């Protein structure tokens, strides 16, 4: 499939699936709605459609976009195809910062993306610092082990916060797995702006991902600063993942799976790979959210459970494949 003809076909297929899934997400739920009533102000169908299902479908697509692009940026910055926001601790760092902030300032929701970004960047810095103690060149195994350690650290802090604050405890379970059951439209405004800004910046500088693949010496000979490129890519990765964590919780494995799918579909420029990655991420999270809503309807499960069902075996497969090389 990795040829010029496959790319437009893949884009057409992924966009078609995205539109279909988004439309189905608006219609399926524990309550049936009539399309003819959704524009009747004050009706139950109107409230369900515009206050619950539309924000939820939008949040799922937005989280898929942000997490998948974040994973691609991290894999490019580290040169490690096992890197993703949840595996190297960025999600747990962002989540820890969010819960700590909410326990102190429960009404200041507009600052959650910024707080999550600080937590995500702190986690990223810790991971790189720990990994650099092992070797001067950050190896794949060192990075993953450091990520596991940082994940454990922040998860311990999250558990402590949730145990001490009953209000935080009530929402911790769903937050720790990731999902969209309680998403409100107002909570998406600031993250949407940040994700849009970051995405424009990333796609306009996608050639830097191609440059860094050539190696530090070649990149330097071309007039680029490899270290600066890696810092920039990692910063945007943290910003994207943190923005998504602020409304979706610790949804994992999206950023691990989708860049590999994109690599299979297109081996061309990073801009193409990024486009396939984000479309696949949006489709994947929408599917996970639909399953979360329908498997035990009228009840529901966290979407993160279904992402883990896909992501954990895939991660094991990557580790085993790497060990055999």
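In the numbering used here, the protein residues as written are 1 to 325. Note that the Cβ used here is the ideal one computed from N, Cα and C, for glycine as well. Since this is a predicted model, take the numbers as computed values, not measurements.
Rounded to a whole number of angstroms, what is the C-alpha to C-alpha distance between residue i and residue j?
{"i": "residue 259", "j": "residue 45", "result": "38 Å"}
{"i": "residue 245", "j": "residue 225", "result": "30 Å"}
{"i": "residue 106", "j": "residue 194", "result": "21 Å"}
{"i": "residue 231", "j": "residue 300", "result": "39 Å"}
{"i": "residue 58", "j": "residue 217", "result": "42 Å"}
{"i": "residue 310", "j": "residue 296", "result": "19 Å"}
{"i": "residue 220", "j": "residue 207", "result": "15 Å"}
{"i": "residue 14", "j": "residue 288", "result": "16 Å"}
{"i": "residue 117", "j": "residue 243", "result": "7 Å"}
{"i": "residue 119", "j": "residue 205", "result": "25 Å"}
{"i": "residue 56", "j": "residue 180", "result": "6 Å"}
{"i": "residue 158", "j": "residue 104", "result": "14 Å"}
{"i": "residue 240", "j": "residue 67", "result": "7 Å"}
{"i": "residue 22", "j": "residue 143", "result": "36 Å"}
{"i": "residue 306", "j": "residue 314", "result": "13 Å"}
{"i": "residue 150", "j": "residue 76", "result": "21 Å"}
{"i": "residue 132", "j": "residue 51", "result": "47 Å"}
{"i": "residue 176", "j": "residue 61", "result": "19 Å"}
{"i": "residue 11", "j": "residue 294", "result": "27 Å"}
{"i": "residue 200", "j": "residue 270", "result": "14 Å"}
{"i": "residue 215", "j": "residue 319", "result": "23 Å"}
{"i": "residue 31", "j": "residue 202", "result": "40 Å"}
{"i": "residue 148", "j": "residue 34", "result": "47 Å"}
{"i": "residue 74", "j": "residue 40", "result": "46 Å"}
{"i": "residue 291", "j": "residue 222", "result": "48 Å"}
Under the three-state reduction of DSSP, which class applies to residue i: helix, strand or coil?
{"i": "residue 191", "result": "helix"}
{"i": "residue 75", "result": "helix"}
{"i": "residue 222", "result": "coil"}
{"i": "residue 86", "result": "coil"}
{"i": "residue 197", "result": "helix"}
{"i": "residue 211", "result": "helix"}
{"i": "residue 105", "result": "coil"}
{"i": "residue 91", "result": "helix"}
{"i": "residue 147", "result": "helix"}
{"i": "residue 249", "result": "coil"}
{"i": "residue 58", "result": "helix"}
{"i": "residue 178", "result": "coil"}
{"i": "residue 162", "result": "helix"}
{"i": "residue 229", "result": "helix"}
{"i": "residue 36", "result": "helix"}
{"i": "residue 206", "result": "coil"}
{"i": "residue 28", "result": "coil"}
{"i": "residue 115", "result": "helix"}
{"i": "residue 9", "result": "helix"}
{"i": "residue 183", "result": "coil"}
{"i": "residue 81", "result": "coil"}
{"i": "residue 366", "result": "No statement about residue 366 is possible, as the shown extent of the chain runs from 1 to 325 and does not include it."}
Between residue i and residue j, which are expected to be in contact by the criterion C-beta below 8 Å, what is the C-beta distance as a whole number of angstroms?
{"i": "residue 25", "j": "residue 5", "result": "No, residue 25 and residue 5 are not in contact; Cβ-Cβ is about 31 Å, not under 8 Å."}
{"i": "residue 64", "j": "residue 250", "result": "Contact flag wrong, Cβ pair sits at about 15 Å."}
{"i": "residue 256", "j": "residue 87", "result": "6 Å"}
{"i": "residue 247", "j": "residue 198", "result": "In fact, because the Cβ distance is near 15 Å, the residues do not count as touching under 8 Å."}
{"i": "residue 69", "j": "residue 277", "result": "6 Å"}
{"i": "residue 72", "j": "residue 273", "result": "7 Å"}
{"i": "residue 262", "j": "residue 280", "result": "6 Å"}
Residue ranges of each beta strand (DSSP E) within the stretch 259 to 324, 3 or longer: Fully enclosed beta strand (DSSP E) runs of 3 or longer: not present.
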